[in-house]
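Residue numbers (this note's numbering): 443 to 744.
Note sheet for the following structure.
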């Protein structure tokens, strides 16, 4: 199933599949520790499937759903027989929609949806996945638009569930919960758009109307990570896009991504991506050559 693996980084090749890649995986094959910039959804149909995310083991029963955001290290272990849906998608399909970028950070390191955790949520998401699978393999007109709409619907439902006040701010009155959610979504959106700038935690606290101490505590409750980790994660995502450009040096990318030194950039990038910026740049260059080769071969066969 993994077509392009360089070190621990998998490059997902969508080819003609419009930014969504869906496998009906029946392989009795394990996959080593890897990560990718694509998001991933896994749902066993027949038999169990084991996923290890950041050293935490998740044994999925048939119908249970695991949602894995981009950039998370994971391993896959298959039984001797069985079938499972493995859907990978280009996160930029959703990041361009207001609020999705912030919502995705609520899913780290992963989310598992079961009947026991929420029967109604599980039923809705399972049905969407099964309908998306049917659409993906169909020859229907406008199937791309239909698949996109189902993917968006999946994450709208999941995102709204994850952002419920009782999930984010337990013990807080209902009216305050909604107020806090609005404030922290506004803060997250601001950080997403200005991550390459010198953002002070004091300024963000003032934007939200809290003291610095209260803000940092509530921010971690809302996102599951510290302000500094959230900011660095977005800077690294920005740097990934710049590293693709062969005309930009690693030093230029570091400066344009908000890092004060090349040494800091190298250290933070390797922490998040398990490779250096230079290695990432080389790996992407290799992938570009391979994709170009595949496209040329396809043209020659026409």
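Glycine is no exception: its CB is placed at the ideal position from the N, C-alpha and C atoms.
Closer than 7 Å by C-beta to residue i: which residues in its own chain qualify, once you throw out the five before and the five after it? Chain order, please.
i           : result
residue 685 : 695, 719, 722, 723 and 726
residue 575 : 464 and 527
residue 672 : 547, 633 and 665
residue 590 : 535
residue 561 : none
residue 454 : 463, 478, 480 and 530
residue 523 : 470 and 489
residue 698 : 638 and 684
Hey, how far is the Cα of residue i from the Cα of residue j?
i           : j           : result
residue 481 : residue 550 : 11 Å
residue 640 : residue 662 : 20 Å
residue 488 : residue 577 : 20 Å
residue 456 : residue 462 : 6 Å
residue 700 : residue 691 : 15 Å
residue 500 : residue 492 : 6 Å
residue 670 : residue 676 : 10 Å
residue 460 : residue 635 : 26 Å
residue 496 : residue 468 : 24 Å
residue 587 : residue 655 : 45 Å
residue 571 : residue 611 : 29 Å
residue 711 : residue 649 : 28 Å
residue 709 : residue 541 : 29 Å
residue 716 : residue 682 : 13 Å
residue 594 : residue 566 : 13 Å
residue 606 : residue 645 : 26 Å
residue 510 : residue 652 : 32 Å
residue 747 : residue 707 : Nothing can be reported for residue 747, as the shown portion of the chain is limited to 443 through 744.
residue 647 : residue 494 : 36 Å
residue 729 : residue 687 : Unreliable positioning characterises residue 729 in this predicted model, as indicated by a pLDDT of 42, which lies under 50. The coordinate reading is nonetheless provided below. Looking at the two C-alpha atoms, the distance is approximately 13 Å.
residue 625 : residue 674 : 21 Å
residue 660 : residue 627 : 12 Å
Starting from residue i and walking both ways along the alpha helix (DSSP H), at which residues does that stretch end?
i           : result
residue 532 : No alpha helix (DSSP H) contains residue 532, which DSSP labels as neither H nor E.
residue 678 : 669-685
residue 554 : Not the alpha helix (DSSP H): residue 554 falls in the beta strand (DSSP E), residues 553-555.
residue 590 : 585-604
residue 711 : 704-715
residue 664 : 654-665
residue 516 : Here residue 516 belongs to no alpha helix (DSSP H); instead the beta strand (DSSP E) covers 516-519.
residue 576 : 561-578
residue 646 : 643-650
residue 692 : 692-698
What residue range is occupied by the uninterrupted beta strand (DSSP E) comprising residue i?
i           : result
residue 463 : 462-467
residue 481 : 481-488
residue 493 : 491-495
residue 498 : 498-502
residue 507 : 507-510
residue 476 : 473-476
Anyone know if the C-beta pair for residue i and residue j falls short of 8 Å?
i           : j           : result
residue 665 : residue 643 : no
residue 483 : residue 539 : no
residue 521 : residue 502 : no
residue 630 : residue 680 : no
residue 678 : residue 714 : yes
Which residues in the same chain as residue i place their Cβ atom closer than 6 Å to its Cβ, once the five residues preceding and following it in sequence are excluded?
i           : result
residue 479 : 512
residue 704 : 693 and 696
residue 545 : 601
residue 543 : 537 and 634
Note down, in chain order, each residue of its chain lying with its Cβ closer than 8 Å to the Cβ of residue i, except the 5 sequence neighbours on either side.
i           : result
residue 563 : 555, 599, 600 and 603
residue 525 : 466, 467, 468, 486, 487, 488 and 489
residue 582 : 588
residue 596 : 483, 567, 570, 571 and 574
residue 667 : 547, 550 and 675
residue 585 : 577 and 578
Can we count residue i as close to the ligand PLP, meaning its CB is less than 7 Å from some heavy atom?
i           : result
residue 537 : Looking for the ligand PLP in the displayed structure turns up nothing, as the structure carries no ligands at all.
The region 534-546 / the region 501-510 touching (three or more Cβ pairs under 8 Å): no
Three or more C-beta pairs below 8 Å linking the region 613-627 and the region 553-566: no
Cβ contact (3+ pairs, closer than 8 Å) linking the region 511-519 and the region 467-486: yes
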